[in-house]
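S.K.:
Residue numbers (the working numbering): -3 to 551.
(1) Which residues bound the alpha helix (DSSP H) around residue 94?
(2) So, using beta-carbon positions, are residue 383 and residue 260 closer together than 8 Å?
(3) Can you tell me whether DSSP reads residue 449 as helix, strand or coil?
(4) How many Å lie between residue 165 and residue 145 at the Cα?
(5) Given this structure, state the Cα-to-Cα distance separating residue 329 from residue 335, to the nearest angstrom.
(6) With H, G and I counted as helix, E and B as strand and the rest as coil, what does DSSP make of residue 318?
(7) Are the beta-carbon atoms of residue 412 and residue 197 separated by less than 8 Å?
(8) Residue 218 to residue 226, Cα distance in whole Å?
(9) Would residue 232 and residue 351 qualify as a contact pair, given that the criterion is a beta-carbon distance under 8 Å?
(10) Taking 7 Å as the limit between beta carbons, can you name the residues of its chain near residue 162, skipping five residues before and five after?
(11) Nearest CA to the CA of residue 134: which residue from 282, 122 and 461?
(12) Could you tell me the distance, in whole angstroms, from the CA atom of residue 555 to the CA atom of residue 286?
(13) Which value, in whole angstroms, describes the spacing of the CA atoms of residue 101 and residue 92?
(14) So which of 437, 465, 468 and 192 has the shortest CA-CA distance to residue 156?
(15) Cα separation between residue 434 and residue 466?
(16) Sort 474, 441, 278 and 402 by Cα distance to residue 187 and report the nearest one.
(17) Here's the rule I'm using: 16 or more other beta-carbon atoms within 10 Å means buried, otherwise exposed. How should residue 220 be labelled?
(18) DSSP on residue 180, reduced to helix/strand/coil?
(19) Between the Cα of residue 274 and those of 439, 110, 418 and 324, spot the shortest distance and give me the residue it belongs to.
(20) Cα-Cα, which of 463, 439 and 206 is closest to residue 152?
(21) So, helix, strand or coil for residue 475, using DSSP?
(22) State yes or no: is the C-beta of residue 315 within less than 8 Å of the C-beta of residue 281?
(23) Using 8 Å as the cut-off, can you tell me whether the segment 206 to 215 makes contact with the segment 374 to 382, which would need three or more C-beta pairs spanning the two stretches below that distance?
(24) Less than 8 Å between the CB atoms is what I'm expecting for residue 463 and residue 130, so what's the real figure, rounded?
(25) Considering only their Cβ atoms, is the gap separating residue 417 from residue 179 smaller than 8 Å?
(26) Using C-beta distances below 6 Å, list every residue in its chain close to residue 194, excluding the 5 sequence neighbours before and after it, in chain order.
(27) Cβ atoms of residue 148 and residue 404: under 8 Å apart, would you say?
(28) Would residue 338 and residue 354 be called neighbours here (beta carbons separated by less than 8 Å)?
(29) Taking the beta carbon of residue 99 as the centre, do at least 16 other beta carbons fall within 10 Å, making it buried, or is it exposed?
(30) Decide if residue 116 is buried, meaning its Cβ has at least 16 other Cβ atoms within 10 Å, or exposed.
(31) Which whole-angstrom value describes the C-beta separation of residue 392 and residue 169, a residue pair presumed to lie in contact below a C-beta threshold of 8 Å?
(32) DSSP three-state label for residue 215, please.
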């Protein structure tokens, strides 16, 4: 028994021991000092537990754990072991096995004690940190909420300014839209006026077409007059034949008259054939011109002045020019034939003066008629060209006005669409600003509830006051001293609770005074810390600090 006590004294009175936990990277240094007269011993029992659930800040449960001190110290297991070994081998083996078992149990207890010391020191460090944070929060109480309030007031003012600007922009956009609608109405009226002027131009074109028809009728009248003149020429020829028959008694003149008659008959036949052909050609041309120039009042005016009208005018012009050229060439050929025949007749010495005068008069009439017809044709051609130019100018003017009206209508329609799009965008921005304002108000109310609390829930201010109260109460309990056993527990409102339980027993054989203390502080939800220290008047002391931080899961 004396040998076991000596070994236990050596193991318990070591000046310094270092232990490194398996939980890296933490390192725990445990320092134990024992002194004073023999018989003085300080033992400590400590438990650490974590369980699920939610709760508040509790202090109490004093006196727990004292009943297990003897078993933890390892001194109650030596009952029934002889103080000295027997002489028998079995007794010595039993003593050795008992000692080995006790050594193993002491090693296990030392390991557990080192782990508890490590946890206690961590919790003490965390306690100091949280105490500093609590002091900082107490110093800064109310500053964060005022800053948040100022920040949100600034944002609210900016949002109100943005709403006012958006309202003004919306009013300006509505004014612009109304102005654009008025301007579109003016342009619509102008377009209607252009349409009316277009109808007026169409009526003018109809009048011009009617005038062209009248000119065509005049041309036909002149052609009929030309036919009458040709009939008159034929009558003159008949009169000449009658006069030639009267002077037939002159044989010399009869031969000449016979030659002239035969030649004139031949020419007459040629001229009659040519006249019949020309009449047929003129009738065909007139019918074609009538069919092309007839105005159909039932036609749509919008389709009348298109490519068909231009093509018809070009065809009429080409046919008229071809017919004019053909008539000119025919008249020129007839004139040259008549001129050559007259030259031949004048070259004959026995030419009759009366017949020559008649032929001269006939040629003069034909020449005059030809010149008159040419002048009339040229005048009608110029008039027709002028009317065609006028028609083209009117058509170009109508097309230009139509294009300008279409472009103007499209431009105004696009401007109206753009203004409507801007108005929709301003409405969306206004709704976004309104939603942002609502969300900011909700957020401000939420922060106010978190700071000040509600009827069913405490705010941050109440929690801090409660923690300060608990700290003061624990400081008051700490001042009482003596051997105590207690526990400190805290839950931050989540699903995890951290509990630290300690028991201190200080005994002194000399009856000296002893003191011990325990303190705990919880700074914020999810954190816990505790520290304790003890001293004996017998010369032994022990101190350790532990801290722990546990974050509850977010709700």
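For glycine and all other residues, C-beta sits at the position ideal for the given N, C-alpha and C. Being a predicted model, the structure only gives us computed values, none of them experimental.
M.R.: Short version:
(1) 85 to 135
(2) no
(3) coil
(4) 30 Å
(5) Their backbone Cα atoms lie some 10 Å apart in a straight line.
(6) Residue 318: helix per DSSP, three-state reduction.
(7) No, the pair does not count as a contact, with Cβ atoms beyond the cut-off.
(8) 12 Å
(9) no
(10) Its chain contains 422, 425, 426 and 429 as the residues whose beta carbon lies nearer than 7 Å to that of residue 162, once the 5 sequence neighbours on both sides are disregarded; these appear in chain order.
(11) The shortest C-alpha separation from residue 134 is found at 461.
(12) As shown, the chain starts at -3 and ends at 551. That puts residue 555 outside it, with no answer to give.
(13) 14 Å
(14) 437
(15) A direct Cα-to-Cα measurement between residue 434 and residue 466 gives close to 40 Å.
(16) 402
(17) exposed
(18) helix
(19) 324
(20) 439
(21) Note: residue 475 maps to coil in three-state DSSP.
(22) Contact flag set, yes.
(23) yes
(24) Right, their Cβ atoms sit about 7 Å apart.
(25) no
(26) 394
(27) no
(28) no
(29) exposed
(30) Buried is the call here.
(31) Contact flag wrong, Cβ pair sits at about 40 Å.
(32) If DSSP states are grouped into helix, strand and coil, residue 215 belongs with the helices.
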